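K.L.:
Residue numbers (my numbering): 124 to 278. Idealized CB from N, CA, C, for every residue including glycine. This structure is a prediction, so every number in the text was calculated from the model and none was measured. So that we are looking at the same thing, I have put the structure below in structure tokens.
Right, dumping it as structure tokens:
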């Protein structure tokens, strides 16, 4: 009987060690795979205090802050400029216009809706993102006639 008890004790001890090591491995794997916020764009400051980030990655998602066009021009030139700036930010961070999931368009004047659409149309590929378009009471900050932000996937 002594041999059986010793063998049983070693078996239980071995299973206990394996269980402890297995749980530790699962916990370590879980910690590594959790996405975390990473600022990847310029941090805009106000009086030397961080105000907002130009772009933030979290996991496989990229959030791009609103881009405007602060120069003289019409809605078409402003929309073209803003979309090009968004595309630069997307490419710089491993995404593209085809991978944009959500777009928010803020217009200085709702009368510019059709002009903005004429430039916007087709810029996001065959499967465009969902979009919200609003005219902002009081206008878009700065001299821009349009401001656009987006959320995109990253591969």
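#1: Report the residue from 233, 188, 197 whose alpha carbon sits nearest the alpha carbon of residue 261.
#2: Would you call the CB atoms of residue 224 and residue 259 closer than 8 angstroms?
#3: May I ask you to report which of helix, strand or coil DSSP gives residue 253?
#4: Distance check for residue 162 and residue 172, CA to CA, integer angstroms please.
#5: Could you spell out where the beta strand (DSSP E) holding residue 190 opens and where it closes?
#6: With which residues is residue 272 paired in a DSSP beta bridge?
#7: So residue 241 and residue 190 are supposed to be a Cβ contact under 8 angstroms. How far apart are they, rounded?
#8: I'd like to confirm the pairing. Which residues does DSSP put opposite residue 162 in its beta bridges?
#9: By the three-class DSSP mapping on this structure, what secondary structure does residue 167 have?
#10: For residue 167 versus residue 273, is the C-beta spacing smaller than 8 angstroms?
#11: Using only alpha-carbon positions, find the residue among 185, 197, 177 that is nearest to residue 159.
#12: State buried or exposed for residue 212, treating a residue as buried only when at least 16 other CB atoms are found within 10 Å of its CB.
#13: Which value, in whole angstroms, describes the spacing of the CA atoms of residue 237 and residue 276?
P.N.:
Taking the definition as stated:
#1: 233
#2: no
#3: strand
#4: 15 angstroms
#5: 184-191
#6: 227
#7: Not quite, the Cβ-Cβ distance comes to about 19 angstroms (not below 8 angstroms), so this is no contact.
#8: 179
#9: strand
#10: no
#11: 185
#12: buried
#13: 28 angstroms
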